[in-house]
Structures are given as C-alpha cells and as structure tokens.
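Q:
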Amino acid sequence: MKFFIDTANLDQIREAQDLGVLDGVTTNPSLMAKEGITGRNNILKHYVAICNIVDGDVSAEVIATDFKGMVKEGEELAELHDQIVVKVPMIKEGVKAIKYFSDHGIRTNCTLVFSAGQALLAAKAGATYVSPFIGRLDDISTDGLELIADIRLIYDNYGFETKILAASVRHTMHVINCAKIGADVMTGPLSSIEGLLKHPLTDSGLKQFLEDYKKGN
Ligand code: E4P
C-alpha cells in the first residue's frame, strides 16, 4: 500500500518524507489556499517545490471545468515535472479529459469520486488513479469504506489497472481499514500516518528496557 500525504504544507511534506515511508503527495485548490499559495504562477512554482521534496507522484488539480480548458491546464501541469499527475474532477467534461490524457500518455487522478459508478467510469476512461473521498462520505452518514470495497471488487472483476487512491482519509483507522480492503494508495494528513506508530505498550516497554539497562550499567 502506498502512502501519500494530503497537504500543500512543505514542512509537513518534508517531515513525512524524512520518515522514509512517503510515496507521494495530493493537493487540491483548498489545500493550496490554506497555505496562502495564490495566483497561477505561485501555484505552479509550489508544485515544483513539492516535486523536489518527494520521490513519488504529486497530484496537481485543474481549475477549468470544460474539456478544452482542462486539456490546456493539464498539459501545462504535466510539463512542469515528470512526477506530476493531473487531477481531474469526476464530471462529464472531466471524463473526456481523462480519456484524452490517457491517450496522450499523461497520468491522471480522477477526483471527487463518491460512487462505484463514477469509479467504473474513471477506469473506463483510463484514469491512473481514482480518488474516492471516504471521510466526506462518513461525514454524511454513508460508509466510505464500503465504497472502497465495492470499487476493489469491480476493478478486480475486470482487471482494471486504475489504482484506488483512498482520499479524504481523516485518521489512522481509515488507513488500517483501507489496507485491509486492499486500497492501492491512501492519502491523508501527517497525523493519520504518525498515528500508526503509537502504542502505549511500546512506550512503557521501552521505558522499562531503558531503566533496566541503566541498573546494570
Ligand atoms: C484528495 O485528493 C483530497 O485532496 C482530499 O483527500 C480531501 O480531503 P478532505 O475531505 O479532508 O478535505
């Protein structure tokens, strides 16, 4: 399972990269705005800065919602760095754009996916990644993990190569459950990754080991 971090914050990206388990980064316009990154040029520069920190794929989202606009923006984003994956929303024009990008060797991440039908369509269009937003489904009393399981089943039935990128991950149990179901990738905040290492028995065990060592040395 690959771990992506879902942020545009360079310090957090560096911290996750330093841990040695980071496989990529996802961003979105809201995450960029949160870091105060505004204006097309600054946003493009920021994507390059992120690519220079991590080794893996970096999702960069188009803003246009029409086919032509998405293609223009996506081609510009893909030109920035070979780690860039163009993030395209699951709308009708987006499906056409994903198909275009797939035919032209540009990798895509189909975002804002909330149903198995949408995921099937994204795979048919040749998306590299599909991003079901599990946290946002949980927010409206719908089981996000059930969607991951449904997509896994559908993709396995037909051997679709589109990777399931569990997005809108909010906490460590999301990560563990996505791993149990077989999501290919998860993207979440740094806390969802760091939460995996915490256990009180590890802390108390280590404390005891160190105290016992000191007694004999
Ligand atoms: C995915 O690529 C999105 O950036 C993200 O996971 C959305 O998460 P949120 O629902 O916590 O905003």
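The number in this note's numbering is simply the position in the sequence shown, starting from 1, with 3 added.
Idealized CB from N, CA, C, for every residue including glycine.
For residue 176, count neighbouring C-beta atoms within 10 Å of its own C-beta (all shown protein chains included) and say buried if the count is 16 or more, exposed if not.
A: Label assigned to residue 176: exposed.
Q: With residue 212 as the anchor, note down where its alpha helix (DSSP H) starts and where it stops.
A: Looking at the DSSP string, the run of the alpha helix (DSSP H) that includes residue 212 is 203-219.
Q: Out of 19, 45, 50 and 24, state which residue places its alpha-carbon closest to the alpha-carbon of residue 30.
A: Comparing Cα positions, the closest option is 50.
Q: My output table needs one value for residue 122: the three-state DSSP class, helix, strand or coil.
A: Here residue 122 sits in helix by DSSP.
Q: Quick one: is the Cβ of residue 139 within less than 7 Å of any heavy atom of the ligand E4P?
A: For the ligand E4P, at least one heavy atom lies less than 7 Å from the Cβ of residue 139.
Q: Run through DSSP, which three-state label would residue 144 get?
A: Residue 144 falls in the coil class under three-state DSSP.
Q: Between 32, 59 and 10, which has its C-alpha nearest residue 25's C-alpha?
A: Measuring from the Cα of residue 25, the nearest candidate turns out to be 59.
Q: Roughly how many whole angstroms lie between the Cα atoms of residue 186 and residue 213?
A: Residue 186 and residue 213: Cα-Cα distance of roughly 38 Å.
Q: Beta-carbon separation of residue 88 and residue 112 under 8 Å?
A: Result yes, Cβ atoms of residue 88 and residue 112 sit closer than 8 Å.
Q: Secondary structure at residue 164, three-state DSSP: helix, strand or coil?
A: Correct three-state label for residue 164: coil.
Q: Please classify residue 64 as buried or exposed, where buried requires at least 16 other C-beta atoms within 10 Å of its C-beta.
A: Its Cβ being crowded by 16 or more others within 10 Å, residue 64 is buried.
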